[in-house]
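Colleague: Can you keep this structure in mind? I'll have questions shortly.
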Amino acid sequence: EDKVVQSPLSLVVHEGDTVTLNCSYEVTNFRSLLWYKQEKKAPTFLFMLTSSGIEKKSGRLSSILDKKELFSILNITATQTGDSAIYLCAFNTGNQFYFGTGTSLTVIP
Amino acid sequence: NAGVTQTPKFQVLKTGQSMTLQCAQDMNHEYMSWYRQDPGMGLRLIHYSVGAGITDQGEVPNGYNVSRSTTEDFPLRLLSAAPSQTSVYFCASSRDRAGNEQFFGPGTRLTVL
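Put into structure tokens, the structure is as follows:
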């Protein structure tokens, strides 16, 4: 059965801290991994990863995929209060996307 | 370019009632999908479509029907609402089924009494 596990479930940090969010998976037909940020509304896209070992970066956010060990991490450096959100990872198997339950990040001023 | 639109934003139903949640996209995307999001459960795929006239079931299809008569529209029908269907529903679309970025609609919050 295809499965996605995210950890930690929740995290509280102070502004300026660096955080690492984890996403591990068991998927029979891996096509891509996607990260989303969800504030109090619809998820918004952050990254898509298909190849192992290639880091994607966007400002203070970066992500990398390890297809051998079946996991991905999302790093956020110099966190700001605007980073407070639920971060979701999802795997695509061709026709279907499987989402993890998310990591809830709270950044305290 | 409106992206993905959903109506209504909020809905309250009584057990046994039926209704249709509307979803439309104006990006000429082939792939469209419906998810429900419940606390602690993440997003779960209900149904999806890889093109007009083609639909298939996701993880949690029971109690829901879909159709895709045009590329733009992908309505979700609740046949006989149950309290277990109380949830937030999101429609999403992507260019194709190759695992590319999905664009999400704003969601519909449904309560079944």
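Read top to bottom, the protein sequences are chains A and B.
Using this note's numbering, the letters of the first sequence map in sequence onto residues 9 to 117.
Using this note's numbering, the letters of the second sequence map in sequence onto residues 1072 to 1184.
Idealized CB from N, CA, C, for every residue including glycine.
Small disclaimer: the values here were computed from a predicted structure and weren't measured.
#1: Compute the Euclidean distance between the alpha carbons of Met1090(B) and Leu1150(B), then round it to the nearest angstrom.
#2: Can you give me, in chain order, the residues of the segment 103-117 of chain A that have a beta carbon less than 7 Å from any beta carbon in chain B?
#3: What residues of chain A sit near Arg1168(B), judged by a beta carbon separation below 7 Å?
#4: Quick one: give me the first and last residue of the beta strand (DSSP E) that Gly1113(B) is part of.
#5: Touch check for the segment 1092-1110 of chain B and the segment 87-100 of chain A: three-plus C-beta pairs under 8 Å?
#6: Against chain B, does Pro16(A) count as a neighbour if the rule is that its beta carbon must be under 9 Å from one of theirs?
#7: Got a sec: which bits of the segment 1108-1127 of chain B sit with their beta carbon under 8 Å from any beta carbon on chain A, in order along the chain?
#8: Taking Glu1172(B) as the query, report the chain A residues whose CB atoms sit under 8 Å from its CB, ordered along the chain.
#9: In terms of residues, what are the limits of the beta strand (DSSP E) holding Phe53(A)?
Modeller: If we stick to the structure as given:
#1: 7 Å
#2: Asn103, Gln104, Phe105, Phe107, Gly108, Thr109, Gly110
#3: Gly102, Asn103
#4: 1113-1122
#5: no
#6: no
#7: Gly1111, Met1112, Gly1113, Leu1114, Arg1115, Leu1116, Tyr1119, Val1121, Asp1127
#8: Leu42, Phe53, Met56
#9: 52-57
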